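In the numbering used here, the protein residues as written are 253 to 447.
Beta carbons: idealized from backbone N, C-alpha and C, even for Gly.
Only a predicted model underlies this, so the values are computations on that prediction, with no experimental measurement involved.
Here the structure comes first, spelled out in structure tokens, and everything after it is commentary.
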Amino acid sequence: MTDEYRIDLESIKKKLNKELGAKRYTHTLGVMDTAMLLASCYGISIQKAQLAGLLHDCAKKMKEKDSISLCEACHVEITDVEKRNVFLLHAKAGAELAKRKYHVKDEEILSAIRCHTTGKPDMTILDKIIFIADYIEPNRSHSDRLPYLRKLAFQDLDETLIQILQDTLFYLEKKGNEIDPMTKKTYDYYIKERN
Numbered sequence: 253m254t255d256e257y258r259i260d261l262e263s264i265k266k267k268l269n270k271e272l273g274a275k276r277y278t279h280t281l282g283v284m285d286t287a288m289l290l291a292s293c294y295g296i297s298i299q300k301a302q303l304a305g306l307l308h309d310c311a312k313k314m315k316e317k318d319s320i321s322l323c324e325a326c327h328v329e330i331t332d333v334e335k336r337n338v339f340l341l342h343a344k345a346g347a348e349l350a351k352r353k354y355h356v357k358d359e360e361i362l363s364a365i366r367c368h369t370t371g372k373p374d375m376t377i378l379d380k381i382i383f384i385a386d387y388i389e390p391n392r393s394h395s396d397r398l399p400y401l402r403k404l405a406f407q408d409l410d411e412t413l414i415q416i417l418q419d420t421l422f423y424l425e426k427k428g429n430e431i432d433p434m435t436k437k438t439y440d441y442y443i444k445e446r447n
């Protein structure tokens, strides 16, 4: 095990439990566990999946102005959509917080945290796993399709990714909510890859 994975997970869990609150922390543990199972299924580092899953929402409870300040201080691009919907910034801010507060240096882990909300074209397996685990973890109940997606996730990551993106786009459109262009760009990329 490298130094990167000697990070004290119990210490991180204690901090997150305090900062995130019970419901968000329970979700976080669900994402971590689901990510570890998917990593095992797809033959990638379980330790990386564990750490990325644990930290994916580490900035979720930051005040909006603090998320913006952190991203600006770290020279992270903030899109117009993110300026209007600052809650979307928790993924980018989370990657920076993971780097600075939790001393994560592994770019693959940081990337998975950074893109877990909108996805991005040409995702790594770890990126896909964290994105999918965030949607399907056992404490979620937001979709009638979750049992199907939970099964599919262990059979075909790309198809699961497409299905989740499709559901997300449909939901946002139906609600009249603004769609982050990256979500649509990711969906279009994977549809094209599939054909």
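Nearest candidate by alpha-carbon position, reference residue i, set the options
i       : options                               : result
Leu-290 : Glu-360, Lys-353, Leu-409 and Arg-397 : Leu-409
Arg-352 : Ser-297, Pro-433 and Leu-307          : Leu-307
Asp-379 : Ile-388, Cys-367, Pro-390 and Tyr-387 : Cys-367
His-342 : Cys-323, Gly-428, Arg-392 and Thr-438 : Cys-323
Ile-361 : Arg-276, Leu-281, Ala-287 and Arg-397 : Ala-287
Arg-446 : Ile-414, Thr-280 and Arg-392          : Ile-414
Residue i versus residue j - alpha carbon distance
i       : j       : result
Tyr-272 : Ile-264 : Here residue 272 is Leu; the residue named in the question, Tyr, does not match the sequence. Approximately 12 angstroms, taken between the alpha carbons.
Ala-385 : Val-328 : 25 angstroms
Ile-525 : Asp-285 : Outside the shown range of the chain, which is 253 to 447, sits residue 525, and nothing can be said about it.
Met-434 : Lys-270 : 31 angstroms
Asp-309 : Glu-348 : 12 angstroms
Asp-501 : Ala-304 : The question about residue 501 has no answer here: the residues shown for the chain are numbered 253 through 447.
Ser-321 : Tyr-387 : 28 angstroms
Ser-395 : His-355 : 35 angstroms
Gly-428 : Thr-420 : 12 angstroms
Thr-278 : Lys-437 : 31 angstroms
Ile-416 : Lys-372 : 13 angstroms
Arg-402 : Val-283 : 12 angstroms
Ala-405 : Ile-382 : 11 angstroms
Leu-398 : Cys-293 : 19 angstroms
Environment of residue i [buried if 16+ CB atoms lie within 10 Å]
i       : result
Lys-312 : buried
Ala-325 : exposed
Glu-425 : exposed
Ala-274 : exposed
Met-253 : Note that Met-253 has pLDDT 38, beneath the 50 cutoff, so the model's placement of it is unreliable and no number is given.
Ala-389 : Here residue 389 is Glu; the residue named in the question, Ala, does not match the sequence. Looking at its Cβ environment, which holds 16 or more other Cβ atoms inside 10 Å, Glu-389 is buried.
Beta-carbon contacts of residue i that lie in its chain and below 7 angstroms, excluding the five residues immediately before and after
i       : result
Ala-345 : Ala-311, Met-314, Ser-319, Leu-322 and Cys-323
Asn-337 : Glu-430
Own chain partners of residue i with C-beta closer than 6 angstroms, once the 5 adjacent residues on each side are dropped
i       : result
Glu-334 : Leu-340 and Leu-341
Thr-370 : Asp-432, Met-434 and Thr-435
Residue-chain proximity (residue i, chain B), Cβ-Cβ < 7 angstroms
i       : result
Tyr-442 : This model lacks chain B altogether, as it is built from one protein chain only.
Distance cut-off 6 angstroms: residue i Cβ against heavy atoms of the ligand FMN
i       : result
Glu-334 : The ligand FMN is not part of this structure, which contains no ligands at all.
Sequence-distant residues of the same chain with beta carbon closer than 8 angstroms to residue i, five excluded per side
i       : result
Thr-280 : Leu-268, Leu-272, Gly-305, Leu-306, His-308 and Asp-309
### Query
Can at least three beta-carbon pairs, one atom from the stretch 405-419 and one from the stretch 431-447, be found at a separation below 8 angstroms?
Result yes; three or more Cβ-Cβ pairs closer than 8 angstroms.
### Message
Under 8 angstroms, with one C-beta from each stretch per pair, do the stretch 294-306 and the stretch 328-345 reach the 3-pair mark?
### Response
Flag = no, the stretch 294-306 and the stretch 328-345 do not touch.
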